[in-house]
Amino acid sequence: MPTRPAGTHRGTHRGTQRADDTGGADGSGPSPRGRRSTPYLLISPGLVVLGLLFVVPLGSLLVTSLKTGSFAEGFETAVRLRNYSDALSESWEPIKRSFVFALVATVAAGAIGYPLAYVIAFRGGRYKNVLLGLVVLPFFTSFLMRTLAWKTILSDSGSITSAFDRLHLLSLFEFLHLVPDGSDRLLQTNVSVIGGLTYNFLPFMVLPIYVSLEKIDRRLVEAARDLYSGAFRAFRTVVLPLSIPGVMAGSLLTFIPAAGDFVNAELLGGPQQTMVGNRIQSRFFEQVDYPAAASLSFVLMALILIGVLLYARLLGTEELTG
Amino acid sequence: MTDQPFHAAIPRLTAERLARRAFLRRSGLMLGGVAAAPWLLAACGDDDDAGSGSPASGSPSSASGTGTVAGTGTVAISNWPFYLDADDSGDPSKGQTIPGFEAATGYDVEYDELVNDNDEWFAKYSPDLEAGNPIGLDIAVLTTWMVERLIGLGYVEELEKANIPNVANLDPSHADVAWDPGRRFSLPWASGLGGIAYNPTKTGRDITSVNDLFDPAFAGHVTVLTEMRDTLGLTMLSLGIDVTTCTLADAQAAAAKLKTATDAGQFRRATGNDYVADLITGDTWLAVAWSGDIVSAQLENPDLVWIAPDEGTMLFTDTMFIPAGAANKAGAEAWMNYVYDPAISAQIFAYSQYQSPVVGVKEEITKLDPALASNPLIFPPADVQARTFTFRTLSAEEQTEFTTLFQDVIQA
Amino acid sequence: MSTIARRLAPRLLDAWAGVALLYLFTPIFVIVAFSFNDARRFNVIWQGFSLDAWRHWTDSEPLTDALTLSIKIAALSTLAATVLGSLIALALVRHRFTGSGVTNLLLVLPLTTPEVVLGSSLLSLFIDLGVSRGFWTIVAAHAMFCVSYVAVTVKARIRGFDWTLEDAAMDLGASPLRTFRTVTFPLILPGIVAAALLSFALSIDDFIITFFNSGNEQTFPLYIYSQQRRGLGPEVNVVATLILLVSFGLAVSSIFVQRFRARPGPR
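Chains as they are written, first to last, in the numbering used here: chain A, 1 to 322; chain B, 1 to 412; chain C, 1 to 267.
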């Protein structure tokens with residue numbers, strides 16, 4: 001638990017506020033110390049690693065995405081911009097599908113995760129850490145094992161599927177296009193893949209929301225409750241807006257990996273659930289078409305970037321790099 | 001040139017590939033001066049895992065004319081699953097053949113069942129093979145059309161027949177094939193049939209035809225193989241097309257039939273060997289399946305059945321070869337020699353229940369278990385043989401055309 | 001709001017949270033349960049209770065090899081990532097310098113790039129350079145994305161640090177190095193340890209990036225992926241349960257340690 005520094009309520013600031021120092025409530029930062037080159041020395045090993053293993057590979061991917069040729073003839077370095085439009089048109093269905101799946105999964109994770117985070121933060125009391133631990137614990141088993149477990153749980157002859165069938169939930173899913181018409185199963189449908197995505201990325205939603213809820217000064221909430229007629233109004237006008245940074249971080253941390261995932265679609269989905277990640281994987285590991293795979297990767301990144309910028313514009317915060 | 005099958009182009013392609021390989025190796029070393037260091041470290045580090053990447057492993061100490069060749073070192077083999085006798089948990093290194101080979105020769109065997117699909121294997125290893133890097137395998141087993149392609153690309157070592165005297169036991173039908181004359185580069189491991197496996201308690205009736213795969217009553221409970229020749233081949237047979245002489249138009253007709261079915265949600269998945277698990281749980285009711293796999297499946301779910309459909313069944317042969325740059329070529333050849341002994345072959349195929357390429361297996365299997373001598377999977381009866389077909393050889397261009405056509409259809 | 005609703009709402013919330021937790025644990029129950037399945041090759045339908053898998057899970061060499069490999073890789077990449085990431089975090093929080101914004105951005109970018117892209121770009125680089133993919137390429141890939149996680153985690157943890165303590169130490173005559181060693185470092189250590197644990201967990205469980213860059217090597221997740229196609233036995237469930245128990249044990253013991261250290265009393 002970070003201790004509240006003694007200088008919290010002092011008006012003086014040590015040096016100017018930096019953008020990445022706004023998270024804490026205190027206004028004082030460390031006094032400038034050491035030689036001017038110290039920070040650069042500190043960051044250079046890490047930056048070299050990131051540079052070599054993140055930036056340079058992206059460059060290599062870019063070069064690959066512009067190549068022509070095939071494996072048989074050999075790939076030649078070129079500037080074939082048509083690779084991008086080809087990738088977009090060939091894989092448009094999976095791209096659309098990935099974004100829809102990721103969006104639905106994010107909303108579902110938010111619907112499940114926000115109340116959970118709220119309960120832990122505001123009603124957890126002494127058991128906060130225990131509850132948080134419980135939220136995180138399942139994710140110490142292998143991601144693949146958890147997804148395969150869902151395959152067993154949602155099996156056609158399993159109790160979940162037959163229960164859903166009897167409760168007519170399957171008909172509801174059919175109506176929502178979550179399962180194919182006339183189907184009697186949950187696996188290899190949209191619902192199982194979205195379910196897998198929601199489940200696997202739930203902690204990425206819960207934890208950031210919890211952190212931002214936890215930071216809210218309880219006295220603000222009490223004051224709001226006194227001023228407004230009820231707890232719900234207090235929540236809506238005080239707590240909810242203050243938790244937006246957490247919701248935003250959680251949504252991004254859920255949406256972005258979900259859009260690029262291929263494991264859930266491969267293990268829980270069928271041919272109708274192919275996502276962009278599956279296409280990229282098959283271009284690399286089945287068709288050996290590196291330019292197509294690379295250009296599709298960039299198309300995915302570009303679309304995600306556009307989506308994120310729109311989202312940031314919508315919610316209007318600068319907390320992205322905080 | 002364009003319509004010639006691969007084997008005729010082998011000398012020319014090999015020469016081209018060797019030249020390119022040398023160039024790539026040189027330029028790779030230049031650019032990857034620093035980056036190559038981790039690779040070198042990896043080669044050193046792998047010694048602990050006894051991969052065949054380090055050159056020190058594998059040296060024959062003697063070579064006798066017949067029988068086993070003694071030696072030291074590791075032989076790394078990669079094969080399809082369910083192809084080698086194993087213990088109850090499915091671990092082949094605890095079966096009979098591998099321990100027997102290790103005891104007889106002194107080699108250590110590292111056997112994995114990681115081959116799941118020919119194209120996947122190719123995609124995984126071709127960059128290294130193309131660059132001339134060893135891939136850490138002494139023997140790999142792939143289907144004939146892929147081995148043909150690898151031979152054409154120069155990725156395969158030539159066999160030293162003096163080290164494989166048991167090659168005399170090779171069935172004459174396999175002895176000389178158009179794509180590997182004199183079997184200089186490869187030897188068959190097993191043959192099998194692509195047919196239909198199904199669960200009668202789920203389908204409610206007997207299955208006899210390929211068209212049953214397309215029956216809307218089973219929609220969402222049918223799986224097909226990602227292996228083009230099996231799935232597309234069976235579909236062509238259902239349309240009355242002769243797969244031994246099929247044209248691109250024929251392939252398109254079959255692909256269209258598959259696409260209609262896929263769009264209607266008929267097929268649950270397109271799989272490699274992973275259809276077996278779904279058959280066991282009952283999620284899949286019918287699957288395009290390889291003959292011998294049913295044995296492993298029946299151990300878990302005795303209801304399952306495999307049939308050769310009325311329209312015909314697709315024959316395939318999975319073939320052993322030594323990838324270029326293998327560290328223990330002598331060990332690999334010793335393995336090939338060992339498994340071509342009829343008694344050993346009987347042992348292997350009594351378990352896997354595929355078809356052995358070795359002469360004299362029937363007599364040996366009868367000694368092990370007389371009932372197996374009439375097992376229809378190991379020794380298909382005459383009526384099945386009459387409707388067994390092999391997909392015709394495709395040229396490189398045709399291979400790409402057919403594959404693209406097929407993959408676009410089975411992946412929505 | 002009516003009194004009934006006011007009374008009901010918290011209960012409903014609690015119930016919802018309880019359902020959510022149950023949802024989180026459902027696959028875990030299945031995984032643990034199936035480790036007791038009397039199955040040998042395929043562990044997909046329940047066939048009866050058996051302790052065989054628990055007794056013999058170490059017999060499977062491919063499994064233990066994969067697990068050992070994963071642990072080795074995680075240890076190495078965590079070491080690298082923790083050192084590099086903590087240094088960056090320290091620099092960003094303690095100092096102001098031009099380029100801190102770019103550094104921040106560079107740290108966050110890998111976290112917001114889909115793993116498919118991270119994995120495929122590394123593969124593309126390794127192919128271009130002719131680097132054979134294996135143990136060290138996996139370690140490198142893991143170190144890369146873990147640096148970001150470590151840096152962000154440590155940064156968040158040391159933000160609340162009371163820098164006046166450093167000033168006090170220096171005023172008392174300690175050199176900057178001594179101050180760091182005896183004052184700063186012990187206090188930021190919990191944050192670094194937390195980040196290291198996070199990095200270790202991420203590395204052990206990583207699938208997508210490893211899938212693209214593993215060559216012939218089989219880490220534990222890759223073993224599961226390739227094995228499930230032809231029969232994933234209950235031994236894997238045993239290992240997953242063990243990992244869960246170990247993590248649970250570590251978490252519980254860390255809570256006790258925290259409680260112990262926070263106890264008021266003579267120091």
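For every residue, glycine included, the Cβ atom is placed at its ideal position computed from N, Cα and C. These figures come from a predicted structure and were not determined experimentally.
Residue i, DSSP secondary structure in three states
i: B/R268; result: strand
i: A/A53; result: According to the sequence displayed, residue 53 of chain A carries Leu and not Ala. It is helical.
i: C/V193; result: helix
i: C/N37; result: strand
i: A/L103; result: helix
i: C/T26; result: helix
i: A/V48; result: helix
i: C/Q47; result: coil
i: B/G67; result: Because the pLDDT of B/G67 is 48, which lies under 50, any placement of that residue in the model is unreliable, and the question is left without a value.
i: C/V139; result: helix
i: C/F97; result: coil
i: C/I208; result: helix
i: B/Q96; result: coil
i: B/F379; result: coil
Host alpha helix (DSSP H) of residue i (start-end)
i: C/E61; result: E61 to R94
i: A/M275; result: It is not in any alpha helix (DSSP H) - A/M275 carries neither H nor E in the DSSP assignment.
i: A/G69; result: Careful: A/G69 lies outside any alpha helix (DSSP H), inside the beta strand (DSSP E) at T68 to S70.
i: B/T223; result: Premise fails: B/T223 lies in the beta strand (DSSP E), V222 to L225, not in any alpha helix (DSSP H).
i: C/I127; result: E115 to L129
i: B/I139; result: That residue, B/I139, is in no alpha helix (DSSP H); its beta strand (DSSP E) goes I139 to T143.
i: A/H177; result: A/H177 -> no alpha helix (DSSP H), and no H or E assigned at all.
i: A/L291; result: Residue identity differs from the one stated: residue 291 of chain A is Pro in this sequence, not Leu. Note, A/P291: alpha helix (DSSP H), Y290 to L315.
i: C/G101; result: S100 to L111
Opening and closing residue of the beta strand (DSSP E) in which residue i lies
i: B/W189; result: S186 to Y198
i: B/E398; result: From DSSP, B/E398 is part of no beta strand (DSSP E) but of the alpha helix (DSSP H) over A396 to I410.
i: B/T390; result: Unbroken run through B/T390: none, as it is neither H nor E.
i: B/Y111; result: D108 to D112
i: A/F75; result: G74 to E76
i: B/T247; result: First-last for B/T247: undefined, no H or E at that position.
i: B/V75; result: T74 to S78
Whether residue i touches residue j by CB criterion (8 Å)
i: C/T153; j: C/A194; result: yes
i: A/S91; j: A/L305; result: no
i: B/A75; j: B/Y107; result: Note that residue 75 of chain B is Val in the sequence shown, not Ala. In this structure, B/Y107 lies closer than 8 Å to B/V75 by Cβ.
i: C/D206; j: A/S142; result: no
i: B/N79; j: B/E113; result: yes
i: B/R184; j: B/D176; result: no
i: C/P110; j: A/I256; result: no
i: C/S70; j: C/F212; result: no
i: A/I160; j: A/L154; result: yes
i: C/V150; j: C/L165; result: no
i: A/T147; j: A/G196; result: yes
i: A/I95; j: A/Y210; result: no
i: C/W143; j: C/A81; result: One point to set straight first is that residue 143 of chain C is Ala, not Trp, in the sequence displayed. Yes, the Cβ-Cβ distance between C/A143 and C/A81 is below 8 Å.
Original post:
Taking the runs of the alpha helix (DSSP H) that are 4 residues or longer, which of them lie wholly in the segment 263-312 of chain B?
Top reply: 275-281 and 293-300
Original post:
Hey, is the segment 232-242 of chain B in contact with the segment 310-325 of chain B, meaning 3+ C-beta pairs nearer than 8 Å?
Top reply: yes
**OP:** May I ask you to verify whether the segment 288-300 of chain B touches the segment 219-237 of chain B, counting CB pairs closer than 8 Å and requiring at least 3?
**Re:** yes
**OP:** Let me know the alpha helix (DSSP H) ranges lying completely inside the segment 131-168 of chain A, each 4 residues or longer, listed in chain order.
**Re:** 143-153 and 159-166
**OP:** Flag this pair as touching only if the segment 75-91 of chain C and the segment 238-255 of chain C have three or more C-beta atom pairs under 8 Å; answer yes or no.
**Re:** no
Subject >> the segment 366-374 of chain B / the segment 343-353 of chain B touching (three or more Cβ pairs under 8 Å) >> reply: yes
Original post:
What are the complete alpha helix (DSSP H) segments, minimum 4 residues, inside the segment 216-255 of chain A?
Top reply: 218-227 and 231-234
**OP:** Flag this pair as touching only if the segment 110-127 of chain B and the segment 345-359 of chain B have three or more C-beta atom pairs under 8 Å; answer yes or no.
**Re:** no
Subject >> Cβ contact check for the segment 186-203 of chain B and the segment 242-249 of chain B: 3 or more pairs under 8 Å >> reply: no
Original post:
Does the segment 44-60 of chain C come within contact of the segment 229-240 of chain C, defined as at least 3 CB pairs closer than 8 Å?
Top reply: yes
Original post:
Using 8 Å as the threshold, is the segment 256-264 of chain A in touch with the segment 194-207 of chain A, meaning 3 or more CB pairs across them?
Top reply: yes
Original post:
Between the segment 178-197 of chain A and the segment 269-280 of chain A, do at least 3 Cβ pairs fall closer than 8 Å?
Top reply: yes
Subject >> Touch test, the segment 104-116 of chain A against the segment 236-255 of chain A, Cβ-Cβ under 8 Å, three pairs minimum >> reply: yes
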